[in-house]
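See below for the structure under consideration.
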Amino acid sequence: MILVNLFLASEMSFPITSVLLASWKKLTSKDLTVLGSSVKVGKLDTGKHFKGSHTIKILPENTLQLNPFQDSFCLQPDSSTYQLNVPIRLNSSSEIDFLQVKYTDFDTNTPVYMNYTKKDIKRFDSRNVNSLYERDTISGPNIHYLNLPIKSTGLYEITQAADSKKVGLRTYRSPLIVPYCPTAEIKNFDKLSADKCLGESYNVKFSIEGVPPLKLKYKKLINHDVQEFNDQSLQPEFFQSPLLSYTSTKMISREHLSDLSWAKTQVVDVELENPVNHVGDYTFRIDEIVDGLGNVVNYAEYLKDNDDLFKKYGLSQSFFSHDLPKVHLDERVNEKTATKRSLFLAIDHSDEESGPFEAEIKFVSEDESKTETIKHVFKDSNDEFKVEAPGTYTLVSVKSKFCAALINGRSSVSVSLPVVPQLTVVSKPVTDSCVGQVGLVFDLSFVGTPPFSLEQKVYRIQNDKRLLHSTKNIHSQGTRYRFTYEPSMEGSYEIAFTSLRDSVYSNPITLDPSSDYTFTTSMRVKSNAELADPKYFKHLCLGIGATVPVSLKGEAPFTLDYDIIETLTNKRTPYTVKDIKSNKFDIKTPEFKIGGEYIVSLTAVEDNTGCLVNLNGADANIKVRRELPSVSFGIQEKSNKLKIKEGDSLDLPLRLLGDGSFEVSYDLYDFDGNFISSHQSNFRGTHKSSISVSKAGVYKLKSVKDSQCSGIVGASDVFEISYLPKPTVSIAEQGKITKVSSNVFEKKSVCQYQEDSIDLVLQGSPPFVVDYTIVSPDKRRVSKSLSVATKFASLILPNDKGGEYKYFITRVSDAIYSKQDLEMIHHRPDEIVVKQQANASPNGSFKSKRKSYRTCTTNLLEPSVLEPIGLKLEGASPFSITFEVFHESSSKSEYVTLNNIDSTSDFKELYRDLKLGNHLVTIVKIVDADGCFRDEFADNNYISISITDTPKIHQLDSSVNYCVGDHVGYQLIGTAPFTIVYDFNGLQLKTTEQSTQFVRLASEPGTISIRSIEDSSSNCVVNLTLPENFEQSERLSIPVHPIPSVEVSQGDSIIQDIHEGDQAEIIFSFEGTPPFTLTYVRTEEVEVRRGKKKTQVVETHKVADIYTHEYRVLTSLQGTYEAIEVSDAYCVARNE
1 MILVNLFLAS EMSFPITSVL LASWKKLTSK DLTVLGSSVK VGKLDTGKHF KGSHTIKILP
61 ENTLQLNPFQ DSFCLQPDSS TYQLNVPIRL NSSSEIDFLQ VKYTDFDTNT PVYMNYTKKD
121 IKRFDSRNVN SLYERDTISG PNIHYLNLPI KSTGLYEITQ AADSKKVGLR TYRSPLIVPY
181 CPTAEIKNFD KLSADKCLGE SYNVKFSIEG VPPLKLKYKK LINHDVQEFN DQSLQPEFFQ
241 SPLLSYTSTK MISREHLSDL SWAKTQVVDV ELENPVNHVG DYTFRIDEIV DGLGNVVNYA
301 EYLKDNDDLF KKYGLSQSFF SHDLPKVHLD ERVNEKTATK RSLFLAIDHS DEESGPFEAE
361 IKFVSEDESK TETIKHVFKD SNDEFKVEAP GTYTLVSVKS KFCAALINGR SSVSVSLPVV
421 PQLTVVSKPV TDSCVGQVGL VFDLSFVGTP PFSLEQKVYR IQNDKRLLHS TKNIHSQGTR
481 YRFTYEPSME GSYEIAFTSL RDSVYSNPIT LDPSSDYTFT TSMRVKSNAE LADPKYFKHL
541 CLGIGATVPV SLKGEAPFTL DYDIIETLTN KRTPYTVKDI KSNKFDIKTP EFKIGGEYIV
601 SLTAVEDNTG CLVNLNGADA NIKVRRELPS VSFGIQEKSN KLKIKEGDSL DLPLRLLGDG
661 SFEVSYDLYD FDGNFISSHQ SNFRGTHKSS ISVSKAGVYK LKSVKDSQCS GIVGASDVFE
721 ISYLPKPTVS IAEQGKITKV SSNVFEKKSV CQYQEDSIDL VLQGSPPFVV DYTIVSPDKR
781 RVSKSLSVAT KFASLILPND KGGEYKYFIT RVSDAIYSKQ DLEMIHHRPD EIVVKQQANA
841 SPNGSFKSKR KSYRTCTTNL LEPSVLEPIG LKLEGASPFS ITFEVFHESS SKSEYVTLNN
901 IDSTSDFKEL YRDLKLGNHL VTIVKIVDAD GCFRDEFADN NYISISITDT PKIHQLDSSV
961 NYCVGDHVGY QLIGTAPFTI VYDFNGLQLK TTEQSTQFVR LASEPGTISI RSIEDSSSNC
1021 VVNLTLPENF EQSERLSIPV HPIPSVEVSQ GDSIIQDIHE GDQAEIIFSF EGTPPFTLTY
1081 VRTEEVEVRR GKKKTQVVET HKVADIYTHE YRVLTSLQGT YEAIEVSDAY CVARNE
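In terms of full-length UniProt numbering, the sequence shown is numbered consecutively and its last residue is 1136.
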């Protein structure tokens, strides 16, 4: 064993001079005596008095981290028994025995400390622990997992933990916030489910609960056409929260965690209003909700697209949108009414299922003395309204089961009381100049509504008996009918007309008295006029007359009699035309001012012979339109203004009256009345007639023509189309933002990694999509989109690089104008530019990392002689730097903050108030002049400061008695080499010691008196002969006596593993007479060359006044601990 009577100051490095001295002694095999003479080593065997060693090895650091994967957790609001299992990652070779968790409630902000014992921890749920190993990127035999049970919402932090060896574990700062899980539902459930009509609007109200800012993902399905929306940054107005700037709870400051009001569940209502533009099924469905802490509730995944479950939980609602039915008013015969008429609704076939139809009909009597509004419900187009009173019936409005109908076509019907059919019969004999009477000519005059049906019976009289000869029905399409009855056989005949029917009265009416309608004759040719076309029938427009061609027979000139009869009222107007000199003549009727059916009936003709011939030929039938064709806009609810999306087209419904096809002309004007263009549209009929428009302006109907007539334009002839407003986005000019120009803003500078946000104000129809581009300081451009369902939103500004950021807000689209819509109409609003300077985070490191700075206590009072500590600093000066100073002697740390630091600072203040021993200095935090900070640094960014005492000397053994053969030893405190002057038995001696001990072999009795000591660094000479040092000099005097023994760990060589930061107990056992003085060293193996190691003393301790036979030392430093010197009340032994 090398000479180990070398005692070092606590935790100081082993001086190279001591190593050299020990090596020299081994080579020379000599030992110095007190007098300076040399003796052979081994002459005195002292090694038998020292047995055993205790080696300590430092295990890796024990750590504990809550929620190591930074997962998000939440509790169901309606579940009081549900338990969350939050993983805890344990990096330790020992089991955990104690755990303390600090819990803070959202409402009270009062912390509660929950302590878990080893028994409690064993009850933690461990079913999913294996899956955690698979997720973790950190592996090793010391990695373990626990599941912390959580049943209440709030903030959770681990404050303390200890393993089975009662060693404290280091805990990472990892606050966990557990809120209630976010929820969402459709609020206006009942109102939204009601059927809607095309052109109406609808509101969808989402009620969202959770920790803002929230994200909502939902779908809108229109006839299986799916539109997906992802609305972000949903929050109450003026809501403040660190989650608007930070995406991780690890970055949330202690200040924000002291008030957790922002982490409470908030209710955010989102209301969407949109027009109904399509016919069919509309469905809204909430698929996913995410809160500001990252908790995701994916309804689409949980409910597996089960529509019934979505509706059960208020997550889905549907309604049906109906088209507007097209109807018009019409009439038909009904014999059961007083007017023999009824009204019905002519309904477009595709709209039949929309019934029943509630119609409002305006009635005006024939003499206009009475006006009445009638409401009637038509089940379908077969349902009738019985008309009992004559007059004009006008259809005002119609409502179907779901929607108001469009009146497209005829809207007014005039009804008069029908006349009971009557008959006037005039008979004249038919004679022949040769044979006399050959038959009868019957002139029948009808009153009623054609066509007429008259029953005729002929009886033959024989022998005074009436025998039925024949029966037939005479049909007349007009009000007059002439026929000649000429029997084929001579005799007496009776012709009887028995019953009469017309188009209104279908049941036969008996003609009474029968005598007026019975004629007799006994069987005993002329000028004529007839229609050129026996089947003459003409359709006329209202206000136009007709031309009826007539053929005449006889000798001109002619006189022609004819009647014009209005069939509805049976009004007959006679006309006579004289001096007709041609056999062809055109009757010119007057212009018909009233619509209806008219008959031109030829009644008589007289030629030049003066013979008047009554006529019974065919009549001319004329049908005059009751109304002129008309056109107007089919305006709903008395509104002639609509808004459309620019780029879209809209069909403006027309109310056409007439017979198809139609030609409609209209003009387009701007809103100032300036003419823009003329247009013309053609329609086959009134069904679904509309004009398609896409430009904004005022549309004015100009004219209409149907298949026969030119018509008129109704009062509703103007329709105004304007564009729906396009969405806009602006910057909320509040807080830390400055407007530089019209569209350029500058945001107050922030620190790197400190996220910020811009408040946006949106105008339009939610949801919105905001497109923006981020230009980072390295000129890299990234384009992104933000979905927003409210009119207020926050745009998060990431600042992960130092320098100027530019944010270009390029476009905003909404529920009406999509991105494609705006591109199609070439809508390019001026982009908004927001600039922000991101100040780089400061940085700092020791210029000489891991360097050890040494000085003594006296130099601490003279800063000028202290060695400066160099730091490399990056950032805006001055800085504020916080250091952690770890004192190895006490295993405690303290924090030192230096302010107003610049590049010239020498950091000598770090020496202040340091005690003896080693002190490890690391940088904890740097704050620069911009307020930016950094609190994460490299593991090797540290230095150590070693403080030694002033050159001092004291006995290695406080006993005043030594034994012959012992080494007389002094502990030297300072920096070797030392110069010592001493006396022995009156002889003054001087020596230079290269180690921290002054050791001599007590080869003879005597007394050593130390006169002075000086080390090589402090330049301090301690003169112990001075009067003030008398007591110290006396204490240093050493006399001479049996050699004590010491055992470490009961004489065994023990190796013990401990965790970093833990302490181990070393036991020294003595043999001898108390009090004892013990000197022991700590040695470590150091690598001197590659692959070769050497044992080196790194620390020496001396303990005096031990009055027991056992001494225990607690230490946290690794190495081998051995006793090198022991003394009792009389003697000292040194292990050589």
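Where a beta carbon is used, it is the ideal one built from N, C-alpha and C, also for glycine.
Because the structure is a prediction, the values reported are computed rather than measured.
Point to revise | Member of I138, G439, D380, Y393 whose CA lies at the smallest distance from the CA of E366 | key: Y393
Review point. Do you know offhand how far N115's Cα is from I947's?
Key: 41 Å
Point to revise | Span of the beta strand (DSSP E) around L272 | key: 266-275
Check your understanding: Apart from the five residues on each side of it in sequence, which residues of its chain come closer than 8 Å, Cβ to Cβ, to G355?
Key -> I347, F378, K379, D380, S400, K401
Review point. Would V276 pass as a contact of S321 if the rule is Cβ separation under 7 Å?
Key: yes
Practice item. Inspect the beta-carbon positions of P977 and Q988 and report whether they are closer than 7 Å. Key: no
Check your understanding: Between which two residues does the alpha helix (DSSP H) carrying H1109 extend?
Key -> Careful: H1109 lies outside any alpha helix (DSSP H) and carries neither H nor E.
Check your understanding: For K25, which of helix, strand or coil comes out of DSSP?
Key -> Model confidence at K25 stands at a pLDDT of 46, short of 50, so the residue's coordinates are unreliable; what they give is reported in the following sentence. Three-state result, K25: helix.
Practice item. Report the three-state DSSP secondary structure of I2 (helix, strand or coil). Key: Reliability of the predicted coordinates at I2 is poor, the pLDDT of 34 falling under 50, and the value obtained from them is presented with this limitation in mind. Correct three-state label for I2: coil.
Check your understanding: Which class does S13 belong to by DSSP, given the choice of helix, strand or coil?
Key -> Only weak support is given to the placement of S13: the predicted model assigns it a pLDDT of 33, under 50, and the value that follows is read from those uncertain coordinates. Of the three classes helix, strand and coil, the one that applies to S13 here is coil, per DSSP.
Check your understanding: According to DSSP, is L132 helix, strand or coil?
Key -> helix
Review point. Can you give the beta carbon distance from S749 to Q837, rounded, assuming they're within the 8 Å contact cut?
Key: 4 Å
**Study point:** Simplified DSSP state of residue 1166, which is helix, strand or coil
**Key:** With the chain represented from 1 up to 1136, any question about residue 1166 goes unanswered, as that position is not in the structure.
Check your understanding: Going straight from the alpha carbon of T479 to that of A338, what length do you get?
Key -> 22 Å
Check your understanding: DSSP puts P725 in a beta bridge; with which residues?
Key -> DSSP lists no partner for P725.
Check your understanding: For D308, which three-state DSSP category applies?
Key -> helix
**Study point:** Distance, E271 Cα to V834 Cα
**Key:** 29 Å
**Study point:** Backbone CA spacing between I289 and G314 [nearest angstrom]
**Key:** 14 Å
Review point. So, using beta-carbon positions, are P868 and D830 closer together than 7 Å?
Key: no
Exercise for review: Would you kindly report the start and end of the unbroken beta strand (DSSP E) that includes M114?
Suggested key: 111-116
Exercise for review: Report the rounded CA-to-CA distance for R1134 versus I1124, giving the unit in angstroms.
Suggested key: 6 Å
Exercise for review: Measure the beta-carbon distance from I587 to V548 and round it to whole angstroms, keeping in mind my assumption that it falls under 8 Å.
Suggested key: 4 Å
Point to revise | Chain-order list of residues whose beta-carbon lies under 6 Å from that of E228 (same chain, five-residue window excluded) | key: K219
Check your understanding: Among N67, E894, I832, which has the Cα closest to the Cα of S741?
Key -> I832
Check your understanding: At which residue ranges does the segment 867-924 contain complete beta strand (DSSP E) runs of 3 or more residues, listed in the order of the chain?
Key -> 871-874, 879-887, 892-901
Exercise for review: Measuring alpha carbon to alpha carbon, tell me which of G660, N382, K806 ends up nearest K779.
Suggested key: K806
Practice item. Can you say whether E1099 is buried or exposed, counting buried as having 16 or more other CB atoms within 10 angstroms of its CB? Key: buried
**Study point:** Start-to-end residues for the beta strand (DSSP E) that takes in Q820
**Key:** That residue, Q820, is in no beta strand (DSSP E); its alpha helix (DSSP H) goes 819-824.
Check your understanding: Which runs of the beta strand (DSSP E) fall wholly inside the UniProt domain "Nucleoporin POM152 immunoglobulin-like" (418-525) and span at least 3 residues, in chain order?
Key -> 422-432, 436-447, 452-462, 465-476, 480-485, 492-501, 518-522
Point to revise | Candidates T904, K736, D308, R89, of which the one nearest V129 by Cα | key: R89
**Study point:** Whole beta strand (DSSP E) elements within the UniProt domain "Nucleoporin POM152 Ig-like" (336-408), 3-residue minimum
**Key:** 341-347, 357-365, 371-378, 385-387, 391-399
Check your understanding: Thinking C-alpha only, which one of D323, S453, E486 is nearest L500?
Key -> S453
Practice item. Would you list the one or two residues that DSSP bridges to F808? Key: T773, V833
Review point. Out of L66, E888, H475, which has the shortest C-alpha to C-alpha gap to P451?
Key: H475
**Study point:** Local conformation of R1134 per DSSP, three classes
**Key:** strand
Review point. Rounded to the nearest angstrom, how far is the Cβ of D706 from that of G658, given a contact under 8 Å?
Key: 3 Å
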